C-alpha cells in the first residue's frame, strides 16, 4: 500500500516561519500574524501547538541551540587531537561567518531585545551554560595546570569572534580568534616530561 507524504505539519511550518522571521528581522519586530501568514496555517494552529508567542520564541531558540550544538559537536568529534577539537570550534565559526544568511548570534540578538524574565533570557542562559560546558570539557582534556581558566579564556575568544563579526561584518574575526586560541594553547599546555 502506498503512503502519502503529507509534508510538514502546521507546527513544523510555524517553527520554520518563526525561525526565518525571528532570525532575520528580530523577535519583537515580528508579529504572530506575519508568522501565521508565512506558515500558511490557520490562526488556531498557532494556539493549538503553542501557548502563545513566548512559547514559540522558546521553541525557536531551542531549535537554534540544538542545531548549533550539533554542528559544533560534529566538528569537535571529527577531530582527533584535544587541541584540534578546540580549534575546530573556531573553524565552524569561520564557515558560519562566510554564509550569506548569517546574521549573528541568535541568542545575543534575542537577549538584546528581551525583558529580564523572558523566554529569551532563559533560553540564552541555557545556551551559555552549554558554551561554558563545551570549553570546560575541551580544556579538561588537555594537560594544563588550570583548565577552568583556560576554558573561560576560550569562551571570551569565542564570544569576541561572534560579536566582532556581528558588529563589523568581518569574517576574519574567526580566524583571528583561532590564531589567538593557538597562542593561548601553546602557552597553557604542559609538555610531558621526558623520562
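Residue numbers (the numbering used here): 2 to 196.
For every residue, glycine included, the Cβ atom is placed at its ideal position computed from N, Cα and C.
Remember, it's a predicted structure, so these values are computed and weren't measured experimentally.
Would you kindly work out how many angstroms separate the C-alpha atoms of residue i and residue j, rounded to a whole number?
i, j, result
"residue 126", "residue 103", "21 Å"
"residue 10", "residue 81", "40 Å"
"residue 183", "residue 189", "10 Å"
"residue 185", "residue 100", "27 Å"
"residue 153", "residue 170", "24 Å"
"residue 191", "residue 145", "6 Å"
"residue 13", "residue 174", "34 Å"
"residue 111", "residue 17", "17 Å"
"residue 118", "residue 54", "15 Å"
"residue 83", "residue 141", "9 Å"
"residue 143", "residue 156", "16 Å"
"residue 56", "residue 187", "45 Å"
"residue 161", "residue 78", "24 Å"
"residue 177", "residue 7", "47 Å"
"residue 33", "residue 20", "12 Å"
"residue 71", "residue 25", "21 Å"
"residue 27", "residue 147", "39 Å"
"residue 124", "residue 52", "16 Å"
"residue 137", "residue 69", "17 Å"
Over the uninterrupted alpha helix (DSSP H) stretch that includes residue i, give me the two end residues.
i, result
"residue 174", "173 to 189"
"residue 91", "83 to 98"
"residue 149", "148 to 169"
"residue 120", "120 to 141"
"residue 40", "33 to 40"
"residue 73", "54 to 79"
"residue 107", "107 to 114"
"residue 117", "Element bounds for residue 117: n/a, residue is neither H nor E."
"residue 20", "11 to 26"
"residue 45", "44 to 50"
Could you check whether residue j and residue i sit closer than 7 Å to each other, using their CB atoms as the reference points?
i, j, result
"residue 42", "residue 73", "no"
"residue 139", "residue 179", "no"
"residue 58", "residue 120", "yes"
"residue 128", "residue 66", "yes"
"residue 122", "residue 113", "no"
"residue 40", "residue 63", "no"
"residue 172", "residue 98", "yes"
"residue 181", "residue 158", "yes"
"residue 37", "residue 44", "yes"
Our contact map puts residue i next to residue j with C-beta atoms below 8 Å; I'd like the distance itself, whole angstroms only.
i, j, result
"residue 76", "residue 89", "4 Å"
"residue 61", "residue 91", "26 Å between Cβ atoms; not a contact."
Hey, does residue i have any beta-carbon neighbour from chain B nearer than 7 Å?
i, result
"residue 174", "In summary, chain B is missing from the structure at hand, where a single protein chain is found."
Does the region 130 to 140 touch the region 37 to 52, meaning 3 or more C-beta pairs lie closer than 8 Å? no
Please confirm if the region 162 to 171 is in contact with the region 98 to 118, defined as three or more CB-CB distances below 8 Å between the two stretches. yes
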